[in-house]
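For reference, the structure discussed in these notes is given below.
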Amino acid sequence: MWAEGQERWLAVSTRCDLGTAEESGHDIHVDQPELAAAAIGRVTVQAAA
């Protein structure tokens, strides 16, 4: 059910992607801060374009 909802979000925009932080729980920013920082960086670049 969750995965289906995520797949639907992908169809909303051509500028999105879906990533999975397999080594994290709900606190990705704590467990894998490099993933969170990279995602923020990608969004920042897209927003500035």
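Numbering of the sequence shown is given in the numbering used here, commencing with residue 340 and proceeding in unit increments. Idealized CB from N, CA, C, for every residue including glycine. Just so you know, these numbers come straight off a predicted model, no measurement behind them.
Which of helix, strand or coil DSSP assigns to residue i
i    : result
D370 : helix
E362 : coil
V384 : helix
A378 : helix
R347 : helix
Same chain, Cβ closer than 8 Å to residue i, neighbours up to 5 away in sequence not counted
i    : result
L374 : G358, A360, S363 and I367
Own chain partners of residue i with C-beta closer than 7 Å, once the 5 adjacent residues on each side are dropped
i    : result
Q371 : A360, E362 and S363
Reference residue i, options the options, closest by Cα
i    : options             : result
V384 : C355, V369 and H365 : C355
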